[in-house]
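The opening position of the sequence shown corresponds to residue 0 in numbering that gives the first Met the number 0, with each subsequent residue numbered one higher.
For glycine and all other residues, C-beta sits at the position ideal for the given N, C-alpha and C.
This report refers to the structure that appears directly beneath it.
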Amino acid sequence: MYRNLRWRDHVMSEHHSNIKSALRRAYDNHAELRESVGMELWKVEERDYVLETFQANEVRSILEIGAGPGRDSLFFKEHGFTLTAVDLSEEMVRLCKQKGLTAQVMDFYQLDFPDQTFDAVYAMNCLLHVPKSKLPDVLMEIRRILKQNGLFFLGLYGGVSTDSIWEQDTYEPKRYFAMYPDNEIQEIIQDYFKLDDFHTRFLGEGNPHFQSLLIRN
């Protein structure tokens with residue numbers, strides 16, 4: 000029995016490693032494209048909402064995980080915050096550094112920072128690449144590096160349930176997406192944090208909607 004369990008753990012670990020490797024390559028391959036694409040109005044509005052919330056709560060230091068080319072990190076830096084950006088993709092981190100940002104190659108699962116380092120964590124459309132079985136590990140890491148009463152903004156696509164590679168993805172390698180119904184993601188978050196606000200944004204008929212979660216440690 001124990002041999003079977005070890006084998007299963009090995010297979011799951013290898014599967015998870017493959018997901019991360021494919022994700023890294025996908026974003027390395029599309030870094031310049033994501034740098035050139037404009038920002039939708041609803042994302043601008045959502046970011047402004049987060050800015051106002053962080054300012055009202057006297058946030059000073061922010062960690063952006065899954066920072067991509069650093070557009071949002073630069074926005075927050077220009078508004079006076081001390082900003083650290085991390086991303087799995089070396090190409091994305093290169094683009095962040097070109098903007099003068101403090102940036103490191105790092106994944107969500109092992110955030111290489113001391114306990115209670117940041118006033119806030121900002122995660123826009125990145126944790127949807129974490130397999131559902133691994134989300135608790137990531138949430139515990141975020142909780143660890145957040146200060147007491149710190150804020151955590153989490154943006155996801157959801158309203159449907161998925162936990163697999165998106166076969167219609169235009170990126171190569173195709174990316175892994177985990178999406179949650181509204182009630183499910185709220186329940187998961189409240190196992191680890193306090194949920195200050197939850198709202199959604201309609202993104203068109205037949206599409207998942209956007210889930211906005213403002214979370215407190």
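Practice prompt. For my contact list, N56 and L150 are in at a C-beta cut-off of 8 Å; report their separation, rounded to the angstrom.
Written response: 6 Å
Discussion item. In the DSSP assignment, the alpha helix (DSSP H) including R70 goes from what residue to what residue?
Written reply: 70-77
Practice prompt. Could you tell me whether the segment 163-175 touches the segment 14-23, where touching means 3 or more Cβ pairs closer than 8 Å?
Written response: yes
Worksheet item: DSSP puts R215 in a beta bridge; with which residues?
Response: L150, K193
Worksheet item: Considering only C-alpha positions, which residue in the set G37, Q97, F53 is nearest to L73?
Response: Q97
Practice prompt. Kindly list the residues whose CB is nearer than 8 Å to the CB of D71, restricted to its own chain and excluding five residues on each side of it in sequence; keep chain order.
Written response: R46, E63, Y121, M123
Practice prompt. Jot down the residue ranges of each uninterrupted alpha helix (DSSP H) in the segment 26-90, minimum 4 residues, whole runs only, in chain order.
Written response: 30-35, 40-55, 70-77
Worksheet entry | For T101 and V86, the rounded distance between their alpha carbons | The identity of residue 86 in the sequence shown is Asp, whereas the question assumes Val. Their backbone Cα atoms lie some 12 Å apart in a straight line.
Discussion item. To the nearest angstrom, how far is the alpha carbon of K42 from that of R59?
Written reply: 22 Å
Worksheet item: Quick one: what does DSSP say D162 is sitting in, helix, strand or coil?
Response: strand
Worksheet item: Should the segment 129-145 be called in touch with the segment 194-205, which here means at least 3 C-beta pairs below 8 Å?
Response: no
Worksheet entry | Own chain residues within Cβ distance below 6 Å of I61, not counting five before or after | F75, F80, L82, A119, Y121
Worksheet item: In three-state DSSP terms, what is Q219?
Response: Absent from the structure is residue 219, since the part of the chain shown begins at 0 and ends at 216.
Worksheet item: With distances taken between CB atoms, is the gap from S160 to P130 smaller than 8 Å?
Response: no
Worksheet item: From the beta carbon of D195, is the nearest beta carbon of chain C less than 8 Å away?
Response: The question asks about chain C, but that chain is absent: this structure has only one protein chain.
Practice prompt. Measure the C-alpha to C-alpha separation of N148 and F117 and round it to an integer number of angstroms.
Written response: 10 Å
Item to complete: Within 10 angstroms of the Cβ of F53, are there 16 or more other Cβ atoms? Answer buried if so, exposed if not.
Response: buried
Worksheet item: Between the Cα of N28 and the Cα atoms of L94, S16, W165, which residue gives the shortest distance?
Response: L94
Worksheet entry | Boundaries (first-last residue) of the beta strand (DSSP E) holding D136 | Here D136 belongs to no beta strand (DSSP E); instead the alpha helix (DSSP H) covers 134-144.
Worksheet item: Per DSSP, T199 is paired with what?
Response: Q210
Worksheet item: Would you say A30 and P68 are within 8 Å of each other, going by their C-beta atoms?
Response: yes
Worksheet item: Just how far apart, CA to CA, sit M178 and L127?
Response: 6 Å
Practice prompt. Would you mind sorting F201 into buried or exposed? The rule is 16 or more other CB atoms within 10 Å of its CB.
Written response: exposed
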